[in-house]
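Asker: For the protein sequence lines, the chains are A and B, in the order given.
Take the first sequence: its letter number 238 is residue 238 in my numbering, and every next letter is one higher.
Plus 1000 on top of the position in the second sequence (first one is 1) and you've got my numbering.
Ideal Cβ placement from N, Cα and C applies to all residues, glycine included.
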Amino acid sequence: MGDKKVTKNDLFWVFIRSNFLLGSFNFERMQAMGFCVAMMPILKRVYSGDDLKAALKRHLEFFNTQPFVAAAIMGIIGAMEEQKANGANISAATLSGVKVGLIGPLAGVGDPIFWGTIRPVLAALGAGIAMTGSLIGPFIFFIGFNIIRLLTHWYGVKYGYEKGTELVENIGGNEMHFLTEGASVLGLLVMGALVAKWTTVNMPLVISEYDNSAGEHVVTTLQNILDSLMPGMVALFMTFACMWLLKRGVNPLVIIIGLFVIGIVGYAIGLFA
Amino acid sequence: MSEVQLILLFIVAAITGMASVLDEMQFHRPVVACTMTGMVLGDTTTGVILGGTLEMMALGWMNVGAAMAPDAALASVVSAILVIVGHQDISAGIALAVPLAAAGQVLTIFVRTITVFFQHLADKYADEGSMRGIEMCHLAGLILQALRVALPAIAIAMVAGTDTVNNALNAIPEVITRGLQVAGGFIVVVGYAMVINLMNAQKLMVYFFLGFLIAVFTDVNLIGFGAIGAICAWFHIKDMQKDIAIEEAAKTGGGGGAVEGADIDDSDLM
C-alpha cells in the first residue's frame, strides 16, 4: 500500500474547478472535458507518468448529470482514485461503473430540488420584486441561489471524498428519497400559487347586457362568469394543456409561439384584452 | 453609445454567454442579465423591470438531461438593448425575447457541435499526458459560448436606436403588439408546466391544487407560500416515514415498529 494522500487544498481546487463543469459541453460526450479538468488536482496528486495518462483518458469518457450534485461524484471518484493509486484493487471498469451509475440517481435528486424547486421559487420571488423596479429582486435571487449552490458544491466534494463509496449506497436510500419528495411538495405548492397569482387573463367578451329593474346598465362579460366560478381557472386550464403538450414532446418554444398567436388572434377578435 | 459602454456591454454579454452553458452562477437568467445590461446602458430600472418580467416567462427554461433550454442569455441581453437603446416598450422587448431565445438556442447548438472537435483534441492531449492541453480545449469551448452571445449583442447595439431599426420596430401593427402583451400575461404557464412535469409526481399534485386554492382565495404572499410548502413537506416526510416503519414492521412480523432516524439531519445528505 502506498501513502499518496489528497490534501484539503486539492479538494478546494476541485471545488473551484467544479464550477466550470459544463464549460465545454458538447453533443458527443457532454460534460466529459469538464469532469476531467475538475478532477486534475486529485489526479496529479496521486498519479504520474502512464498512470496519469490513463486516468486522464478514463475521465474524458461520457459524463452528464445535474452540475451541482456532480461535485459529490467528483469527491467519491477522487477517494476511489486515491485508493487505487495506493494499490487498492479497483479496476478502471469499476471506476467508470460507479461514475456512470451515479449519473442517473444523482440527477434524479438534483433536477427536482435545484431546477424544479429552489431556482423557480427564488427566481419568482426575485422577479416579483424586480417587476416593481427594485434592485433587491435580482440580488435576492442571485445571492440566495449562489449560497445554496456553492454549499452544495463544497460539501458535495468534501463528503463525497470523505465517505467515498459509502455514500454510493446512501444515494439510493430513504433520506435522499425524503429530500426529493419534500422539495417536490414545496415546489408544487408554490407552482400552484404562481399559476393563480402571476398569470393575467382577461376575457372582456360580453355575454349579456341589459338594464335591470333599478334602471342600471348591467354588463356581464365572460371573465365575470369565469371569476364567479373560480378565479384563475383559465390559467389552470392552460397550464394543464401545456403539461400535456410537453409530455408529448412538443418543443416549449413552439408552445410559446402558439400562445403568442392565441394572444394576437384573441385580441383581434375581442376575446382577450 | 460610447466606446466604454460597448466594451462593458461586450463583457456583460460574454459573461451571460458563459453562464448560459455553465448554468452555475445564473448570470444568464433574465432577472440578472437584463439588470446588468441595464446598468451598462445607463438605465438600471428599466433593465430590472424587463428582467423580472422576462424571468417570470422563463421560469421553466432549464437544462435537464440532454434537453436544452431556450437561450435566456441572448434573449435577455439583446431585448434589453432594444428596449433601452431602441426606446421600445417593455412589452415589445418580451415579444422579441422569444425569437431571440430560439436564435440563441440555434447558436449554442452550433457551438456545442463545434466543441466535439475540441473533445477529440483533448483525447490527443491525454495521450501525451498534457493537462494544460486538456484545460485549453475546455476553455476554448467556454470562450466560444461567450462569443456566441457577445458578438450578436455588440452588432445589435451598434444598429439599435438608428432610424432604420426604430422604423422597422414601430411599423409593427397595434394588433400584434397588444396581442403580444395579452399573451405576455399568460405565457408563464409554459414555464410552470415544465417545472410541474419535471416533478413528475401524480400523487403530489394535491399540493399543487392546495397552493392554487390558497392563492385564489387569500392574499398570502410568496414567502408565506414558501413557509406553507415547508410545513406540508415536513408532514409529507413524516407520513413517508410512518409508511416505511409500518412496512418494516410487517416484514419483521410486527416486531420493532419504532421509527428509527426519524429526524432528518441535513448534514448527512450533502
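So which residues on chain B does L111 of chain A lean against when the C-beta distance must stay under 7 Å?
Answerer: The residue you call residue 111 of chain A lines up with position 111 of the first sequence. The sequence as given places Asp at residue 111 of chain A; Leu does not occur at that position. The contacting residues are V1064 and L1198.
Asker: Quick check: the region 149 to 165 of chain A against the region 1078 to 1086 of chain B, are at least 3 beta-carbon pairs closer than 8 Å?
Answerer: These segments do not touch.
Asker: Determine, using beta-carbon pairs with one atom in the region 198 to 207 of chain A and one in the region 1193 to 1204 of chain B, whether at least three such pairs fall under 8 Å.
Answerer: Because the criterion of three Cβ pairs below 8 Å is not met, the region 198 to 207 of chain A and the region 1193 to 1204 of chain B do not touch.
Asker: Taking 6 Å as the limit between beta carbons, can you name the residues of its chain near I1009 of chain B, skipping five residues before and five after?
Answerer: Numbered from 1 along the second sequence, position 9 holds the residue referred to as residue 1009 of chain B. Looking at the sequence itself, residue 1009 of chain B is Leu, so the reference to Ile does not match. Answer for L1009 of chain B: V1040 and A1157, listed in chain order.
Asker: Taking buried to mean at least 16 other C-beta atoms within 10 Å of its own C-beta, is F1217 of chain B buried or exposed?
Answerer: As a working note, residue 1217 of chain B is residue 217 in the second sequence. By the neighbour-count rule (16 or more Cβ atoms within 10 Å), F1217 of chain B is not buried but exposed.
Asker: In terms of alpha-carbon separation, which member of B:L1180, B:R1112, B:T1177 and B:G1224 lies closest to V190 of chain A?
Answerer: For this step, residue 190 of chain A is matched to residue 190 along the first sequence. Nearest option by C-alpha distance: B:G1224.
Asker: Please report how far the alpha carbon of G110 of chain A lies from the alpha carbon of I140 of chain A, in whole angstroms.
Answerer: Taking the first residue of the first sequence as position 1, residue 110 of chain A is located at position 110. Taking the first residue of the first sequence as position 1, residue 140 of chain A is located at position 140. Taking the straight line from one Cα to the other gives about 21 Å.
Asker: Report yes if the C-beta distance between L95 of chain A and D1123 of chain B is below 8 Å; otherwise report no.
Answerer: Counting from 1 along the first sequence, the entry for residue 95 of chain A is found at position 95. Counting from 1 along the second sequence, the entry for residue 1123 of chain B is found at position 123. Contact flag unset, no.
Asker: Got a sec: which bits of the region 1115 to 1134 of chain B sit with their beta carbon under 7 Å from any beta carbon on chain A, in order along the chain?
Answerer: Correct list: T1115, V1116, F1118, Q1119, A1122, D1123, A1126, D1127, G1129, M1131 and I1134.
Asker: Strictly under 8 Å for the Cβ-Cβ distance: is K8 of chain A near chain B by that measure?
Answerer: For the purposes of this step, residue 8 of chain A is identified with residue 8 of the first sequence, where counting begins at 1. Closer than 8 Å: no.
Asker: Anything in the region 1165 to 1188 of chain B with a Cβ closer than 7 Å to a Cβ of chain A? List those residues in chain order, please.
Answerer: Answer set for the region 1165 to 1188 of chain B: V1175, I1176, R1178, G1179, L1180, V1182, A1183, G1185, F1186, I1187 and V1188.
Asker: Going by the DSSP bridge assignment, what does F63 of chain A pair with across the sheet?
Answerer: The count along the first sequence starts at 1 and reaches residue 63 of chain A at position 63. In DSSP, F63 of chain A forms a bridge with A:M30.
Asker: Is the shortest distance between the beta-carbon of G187 of chain A and the beta-carbons of chain B less than 8 Å?
Answerer: In the first sequence, the residue the question calls residue 187 of chain A occupies position 187. Yes, G187 of chain A counts as interfacial toward chain B.
Asker: Please report how far the alpha carbon of L1222 of chain B lies from the alpha carbon of V1111 of chain B, in whole angstroms.
Answerer: Here residue 1222 of chain B is taken as the residue at index 222 of the second sequence, counted from 1. Here residue 1111 of chain B is taken as the residue at index 111 of the second sequence, counted from 1. Between L1222 of chain B and V1111 of chain B, the C-alpha separation is close to 38 Å.
Asker: With distances taken between CB atoms, is the gap from G1185 of chain B to S1091 of chain B smaller than 8 Å?
Answerer: Along the second sequence, read from residue 1 onward, the residue named residue 1185 of chain B stands at position 185. Along the second sequence, read from residue 1 onward, the residue named residue 1091 of chain B stands at position 91. Not in contact: G1185 of chain B and S1091 of chain B (Cβ atoms no closer than 8 Å).
Asker: Please list, in chain order, the residues of the region 1063 to 1093 of chain B that have any C-beta partner in chain A closer than 9 Å.
Answerer: The region 1063 to 1093 of chain B vs chain A, Cβ under 9 Å: N1063, V1064, G1065, A1066, A1069 and P1070.
Asker: Less than 7 Å between the CB of Q1005 of chain B and some heavy atom of the ligand SAH, yes or no?
Answerer: This structure does not include the ligand SAH; it has no bound ligands of any sort.
Asker: Given 8 Å as the limit, is there contact between the region 25 to 37 of chain A and the region 62 to 71 of chain A, that is, 3 or more CB pairs closer than that?
Answerer: Short answer: they touch.
Asker: Which complete beta strand (DSSP E) runs does the region 209 to 238 of chain A hold, if anything under 3 residues is left out?
Answerer: Within the region 209 to 238 of chain A, the complete beta strand (DSSP E) runs of at least 3 residues are 217 to 221.
Asker: Keeping to the same chain, check which residues put their C-beta closer than 6 Å to that of G137 of chain A; ignore five residues upstream and five downstream.
Answerer: Taking the first sequence and counting its residues from 1, the one referred to as residue 137 of chain A is at position 137. So the list reads G126, I129 and A130, once near-sequence residues are dropped.
Asker: Following the continuous alpha helix (DSSP H) through S1091 of chain B, name the residue where it begins and the one where it ends.
Answerer: Numbered from 1 along the second sequence, position 91 holds the residue referred to as residue 1091 of chain B. Run containing S1091 of chain B: I1090 to E1128, per the alpha helix (DSSP H) assignment.
Asker: Measuring only between beta-carbons, confirm whether L966 of chain B sits less than 8 Å from chain A.
Answerer: In the structure displayed, chain B extends from 1001 to 1270; residue 966 of chain B sits before or after that span and is not available.
Asker: Give every residue of the same chain whose Cβ lies closer than 8 Å to the Cβ of R119 of chain A, excluding the five residues on either side of it in the sequence, and list them in chain order.
Answerer: Translated into positions along the first sequence, residue 119 of chain A becomes position 119. Closer than 8 Å at Cβ, skipping near neighbours: F145.
Asker: Let me know if R1148 of chain B comes out buried or exposed under the rule of 16 or more other beta-carbons within 10 Å of its beta-carbon.
Answerer: Walking along the second sequence from the start, residue 1148 of chain B turns up at place 148. Looking at its Cβ environment, which holds 16 or more other Cβ atoms inside 10 Å, R1148 of chain B is buried.
Asker: Give the secondary structure of I1172 of chain B by DSSP, where H, G and I count as helix, E and B as strand, and everything else as coil.
Answerer: Sequence index remark: in the second sequence, residue 1172 of chain B carries index 172 (1-based). Correct three-state label for I1172 of chain B: coil.
Asker: Output yes if chain B places a C-beta closer than 8 Å to the C-beta of F145 of chain A; else output no.
Answerer: Mapped onto the first sequence, residue 145 of chain A falls at position 145. By this cut-off, F145 of chain A is an interface position.
Asker: Any idea if W275 of chain A is buried or exposed, counting beta-carbon neighbours within 10 angstroms, 16 or more meaning buried?
Answerer: This structure leaves residue 275 of chain A out entirely; chain A is present only between 1 and 273.
Asker: Going by DSSP in three states, I264 of chain A sits in which element: helix, strand or coil?
Answerer: For the purposes of this step, residue 264 of chain A is taken as the residue at position 264 of the first sequence. I264 of chain A: helix per DSSP, three-state reduction.
Asker: For G266 of chain A, which of B:F1209, B:A1155, B:L1074 and B:Q1181 has the nearest alpha-carbon?
Answerer: Here the question's residue 266 of chain A lines up with position 266 in the first sequence. Selected option, being the one with the closest Cα: B:Q1181.
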